[in-house]
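**Student:** Protein chains in written order, with the numbering used here: chain A, 24 to 152; chain B, 24 to 152.
Idealized CB from N, CA, C, for every residue including glycine.
Since the model is a prediction, treat every value here as computed from it, not as a measurement.
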DNA sequence: CATCTAATTTGACATCCATCTATTGATGGA
DNA sequence: TCCATCAATAGATGGATGTCAAATTAGATG
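#1: Thinking residue 106 of chain A and residue 113 of chain A are a contact (beta carbons under 8 Å), I'd like their distance in whole angstroms, please.
#2: Would you call the region 62-74 of chain B and the region 40-57 of chain A touching, i.e. three or more CB-CB distances under 8 Å?
#3: Under a three-way DSSP split, which group does residue 46 of chain B fall into?
#4: Short of 9 Å Cβ to Cβ, which residues in the region 53-71 of chain B face chain A?
#5: Express the C-alpha separation of residue 91 of chain B and residue 58 of chain B in angstroms, rounding to a whole number.
#6: When Cβ atoms are compared, which residues of the region 101-115 of chain A fall closer than 7 Å to chain B?
#7: So, is residue 76 of chain B buried or exposed, given that buried needs 16 or more other C-beta atoms within 10 angstroms?
#8: Below 8 Å on the Cβ atoms is my contact criterion, and I expect residue 41 of chain B with residue 135 of chain B to pass it. Report the Cβ-Cβ distance as a whole number of Å.
#9: Leaving out five residues before and five after residue 104 of chain B in sequence, what residues of the same chain have Cβ atoms less than 7 Å from its Cβ?
#10: Measuring CB to CB, does residue 128 of chain A end up less than 8 Å from residue 80 of chain A?
#11: Check each residue of the region 78-95 of chain B: if its Cβ is closer than 9 Å to any Cβ of chain A, include it; give the result in chain order.
#12: Checking contacts by CB at 8 Å: is residue 46 of chain B closer than that to chain A?
#13: What is the rounded straight-line gap between the Cα of residue 100 of chain B and the Cα of residue 70 of chain B?
#14: Count the other C-beta atoms from every protein chain shown that fall within 10 angstroms of the C-beta of residue 146 of chain A, then say buried if there are 16 or more, exposed otherwise.
#15: Any Cβ of chain B within less than 8 Å of the Cβ of residue 76 of chain A?
#16: State yes or no: is the beta carbon of residue 133 of chain A nearer than 8 Å to at least one beta carbon in chain B?
#17: Under 7 Å from any heavy atom of the ligand NAP, does the C-beta of residue 137 of chain A make it?
#18: Once the 5 residues before and after residue 98 of chain A are set aside, which same chain residues still bring their CB inside 8 Å of it?
#19: Show which residues of chain A have a CB atom less than 7 Å away from the CB atom of residue 130 of chain B.
#20: Roughly how many whole angstroms lie between the Cα atoms of residue 46 of chain B and residue 72 of chain A?
#21: Return the chain-ordered list of same chain residues with a C-beta closer than 6 Å to the C-beta of residue 137 of chain B, the five sequence neighbours on each side being excluded.
#22: What's the C-alpha gap between residue 109 of chain B and residue 102 of chain B?
#23: Is residue 89 of chain A helix, strand or coil by DSSP?
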């Protein structure tokens with residue numbers, strides 16, 4: 024799961040500066056978009072939620088399949104997508120596989136939506152172009 | 024743009040509790056996923072970034088088209104998607120249309136990725152099932 | 001009213017993606 | 001070694017989505 028060559032992280036240096044910060048380059052935008060794409064599915068969101076809120080910090084896949092209206096392979100697929108986005112990481116222990124969230128990743132995303140103190144509404148110059 | 028019946032907000036009560044919080048219901052997950060879907064495109068991300076970082080707090084569409092490798096109708100389409108997700112709002116003034124970010128929306132997203140103090144790693148009960 | 005420009009909508013098309021069934025890989029017990 | 005179970009992969013398919021060109025709407029101006 025955390026095997027280096029098995030699944031490269033497509034979003035290595037994505038995300039950091041807030042969305043209201045300096046202009047996003049094409050590359051950063053693409054990487055960031057990848058993370059959000061991973062979060063853009065209801066099932067994946069619920070999977071992430073279950074894993075993140077599970078006591079012990081990790082969840083067995085066997086606890087996830089059957090809890091959704093989709094088949095086990097589909098759950099597996101979604102876990103893979105979350106993993107490729109760097110949001111979770113998995114580890115096999117005997118028969119079962121356990122997933123946990125990548126804390127730093129979630130923490131970083133949080134900062135993305137920070138906004139500056141004020142949008143200076145007095146500066147509303149209509150046709151200032 | 025902010026015309027009530029023109030474009031209903033599909034994510035009215037989406038998002039609030041952190042992803043690590045109480046279990047996400049199907050409906051909340053679907054609504055939240057919608058917001059992330061809106062953020063899952065590089066062009067949309069750059070548009071949002073430009074609007075959010077523009078001085079005066081708003082940006083004329085005329086400043087956005089031509090700044091991308093996509094056509095004007097496509098930019099318009101993406102702005103509509105961001106609008107439907109409740110991330111931006113637009114207003115026509117004379118010939119031009121101006122967009123601004125919905126601050127509270129971005130602020131709320133920030134809280135989503137908050138994590139509890141510690142995942143209690145000692146509680147790693149392998150096959151507690 | 002005619003016309004020009006800004007922005008959006010429409011319709012078409014190619015690609016991507018979530019889902020399933022069937023199969024394969026991995027682990028552990030009889 | 002054989003089999004049962006958990007998890008992931010492979011391949012197929014229907015629906016969603018990003019894109020564009022062309023048409024349309026909305027204001028401003030002559």
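**Tutor:** In this structure, then:
#1: 6 Å
#2: The region 62-74 of chain B, when compared against the region 40-57 of chain A, does touch it at the 8 Å Cβ threshold.
#3: coil
#4: 53, 54, 55, 56, 57, 58, 59, 60, 61, 62, 63, 64, 65, 66, 67, 68, 69, 71
#5: Whole-angstrom Cα-Cα distance: 22 Å.
#6: none
#7: buried
#8: 6 Å
#9: The answer, listed in chain order, is 61, 67.
#10: no
#11: So the list reads 78, 79, 80, 81, 83, 85, 86, 92, given in the order they occur along the chain.
#12: yes
#13: 11 Å
#14: Only weak support exists for where residue 146 of chain A lies, its pLDDT of 34 falling under 50; the value from the coordinates is given anyway. Exposed: under 16 other Cβ atoms inside 10 Å.
#15: yes
#16: Output row for residue 133 of chain A: interface = yes.
#17: Ligands in the displayed structure: none, and consequently the ligand NAP is not present.
#18: Result list for residue 98 of chain A: 66, 70, 84, 87, 88, 91, in chain order.
#19: 136, 138
#20: 7 Å
#21: These residues qualify, in order along the chain: 41.
#22: 11 Å
#23: coil
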